[in-house]
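Take a look at the structure set out below.
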Amino acid sequence: MKRAGRLWSQVLAFENLLWAYRKARKGKRQRDEVARFSLNLEYELLQLQTELSQFTYRPSPYRQFNIYERKPRLIAAAPFRDRVVHHAVMNIVEPLLDKSFIADSYACRKHKGVHKAVDRYQQWAKRYAYALKLDIASYFPSIDHAILREQIHHHLKDKYVLWLLDVLLEHAPTQTGAVPIYFAGDDLFTPSTRRIGLPIGNLTSQILANLYLNQLDHFIKEKLRAPAYLRYVDDLILLGDNNRQLWTWKNAIEQELHALRLRIHPSKVNLYRTWLGVDVLGYRVFPHYRLLRNDNGFRFRRKLQGFAEAYKHSTLLWQDFNPSVQSWLGHAQHANTYGLRDRIFSEVSFQRE
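For the working numbering, count along the sequence shown from 1 and bump the result up by 1320.
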């Protein structure tokens, strides 16, 4: 595979930095740090351009916080200025990396996404009797920086872009305090000497996480020759008519993951009969129809009731929560949910006091 070079001038171009600013600003115009950056936009972008061209750029500390969506997650948010840099470099690098990805990797890619992944699964569910679901344990916190760097260098050769990606990796929060995990060939101290973890929430993390499992994707498609396989971030699904073959593939995948210093989550390995329905990315998918998962509807009902209460007391405007409502409706409309949507919205009234 030919490695990509001569990329640095494209990253540094003022037009690219301006585009990156607009992408990073999307949906966040009201935030103070965005407003401050926008107030002196030309100066800020030229300053970034100078720091990058002189190799003096260093990211600022991340803001970390927990969110709770079915399970707690630690989110690391980069300052706005650094998010502009993330968009600038990934605007140039991501299309080059994407060329090496398999067609059925669906996360964080143009013209892919959750609904395309569910459509693809349902297409296969009409044909195959069994679906094997696998989940990688603590995926983002477990990504090994040394292995990731090797993969980046395998695809890119522009030394200046490689320098910037190294800087972003070095300054990102990493996993600390976790129980050490040992793999074949490790000694007692190996886990403590390896830098691991990518921050959940970064654009760079999303794209590099796709790259990290690209090797596994090709192994499954080209070595195992699995005819029906898709991946969405760290969720893997394989379909087939022979359940023994699927378990054999599972064991081979486990060994390949060990080479990446990753493990399959032991309680998230499940084999299903496709005609009974399978939970896939928020939907309960059957060969000829799909439903929204029950917990998804319950969570949205509570959220909508909270919006209605805040609207009643004038602490929220309609435009403050309408995007969230429209987003859920867009998701729900990809399933057989007319009755569910009717029930949820008939229970809620948006009226001022």
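For every residue, glycine included, the Cβ atom is placed at its ideal position computed from N, Cα and C.
- Message: Here's a check: name, in chain order, each residue in its chain whose Cβ is nearer than 6 angstroms to the Cβ of residue 1539, leaving out the five neighbours to either side.
- Response: Along the sequence shown, read from residue 1 onward, the residue named residue 1539 stands at position 219. 1576, listed in sequence order.
- Task: Could you tell me the distance, in whole angstroms, from the CA atom of residue 1392 to the CA atom of residue 1341?
- Result: For this step, residue 1392 is matched to residue 72 along the sequence shown. For this step, residue 1341 is matched to residue 21 along the sequence shown. Straight-line Cα distance between these residues: approximately 30 angstroms.
- So, do the region 1504–1513 and the region 1380–1390 have three or more beta carbon pairs nearer to each other than 8 angstroms? no
- In the DSSP assignment, what are the bridge partners of residue 1365? Locating residue 1365 in the sequence shown gives position 45, where the first residue counts as 1. Residue 1365 is not bridged to any residue.
- For residue 1601, which of 1356, 1552, 1632, 1431 has the nearest alpha-carbon? Numbered from its first residue, the sequence shown carries residue 1601 at position 281. Closest by alpha carbon: 1552.
- Message: Measuring straight from C-alpha to C-alpha, what distance separates residue 1544 and residue 1611?
- Response: The count along the sequence shown starts at 1 and reaches residue 1544 at position 224. The count along the sequence shown starts at 1 and reaches residue 1611 at position 291. In a straight line, the C-alpha of residue 1544 is about 32 angstroms away from that of residue 1611.
- Query: Relative to the C-alpha of residue 1361, which residue among 1345, 1372, 1376, 1669 is closest?
  - Reply: Here residue 1361 is taken as the residue at index 41 of the sequence shown, counted from 1. Among 1345, 1372, 1376, 1669, the Cα nearest to that of residue 1361 belongs to 1345.
- Nearest to residue 1464 (by Cα), restricted to the options 1556, 1404, 1501: Residue mapping note: residue 1464 aligns to position 144 of the sequence shown, counting from 1. Closest option to residue 1464, Cα to Cα, is 1501.
- Per DSSP, residue 1549 is paired with what? Within the sequence shown, numbered from 1, the residue matching residue 1549 stands at position 229. Paired residue(s): 1558.
- Item | Cβ neighbour criterion (16 or more within 10 Å) applied to residue 1370 | Along the sequence shown, read from residue 1 onward, the residue named residue 1370 stands at position 50. Exposed, since its Cβ has fewer than 16 Cβ neighbours within 10 Å.
- Query: From which residue to which residue does the alpha helix (DSSP H) around residue 1471 run?
  - Reply: Reading the sequence shown from its first residue, position 151 is the one you call residue 1471. From DSSP, the alpha helix (DSSP H) with residue 1471 extends over 1465–1475.
- Message: Restricting to runs no shorter than 4 residues, where is the alpha helix (DSSP H) found entirely within the region 1554–1634?
- Response: 1563–1579, 1614–1632
- residue 1462: buried (16+ other C-beta within 10 angstroms of its C-beta) or exposed? Against the sequence shown, residue 1462 aligns to sequence position 142. By the neighbour-count rule (16 or more Cβ atoms within 10 Å), residue 1462 is buried.
- Query: What did DSSP end up calling residue 1394 once you bin it into helix, strand or coil?
  - Reply: One-based indexing of the sequence shown puts residue 1394 at position 74. Strand at residue 1394.
- Please check the pair residue 1557 and residue 1451, which I expect to be a contact at CB under 8 angstroms, by giving their CB distance rounded to whole angstroms. Here residue 1557 refers to the residue found at position 237 of the sequence shown. Here residue 1451 refers to the residue found at position 131 of the sequence shown. Their Cβ separation, rounded to whole angstroms, is 6 angstroms, which keeps residue 1557 and residue 1451 in contact under 8 angstroms.
- Query: Do you know offhand how far residue 1332's Cα is from residue 1432's?
  - Reply: Mapped onto the sequence shown, residue 1332 falls at position 12. Mapped onto the sequence shown, residue 1432 falls at position 112. When rounded, the distance between both Cα atoms is 28 angstroms.
- Message: Using 8 angstroms for Cβ pairs, my map puts residue 1445 next to residue 1561. What's the rounded Cβ distance?
- Response: Mapped onto the sequence shown, residue 1445 falls at position 125. Mapped onto the sequence shown, residue 1561 falls at position 241. The Cβ separation is near 12 angstroms, so there is no contact.
- Task: Note down the Cα distance separating residue 1366 from residue 1493, rounded to an integer number of angstroms.
- Result: Here residue 1366 refers to the residue found at position 46 of the sequence shown. Here residue 1493 refers to the residue found at position 173 of the sequence shown. Distance between the alpha carbons of residue 1366 and residue 1493: 27 angstroms.
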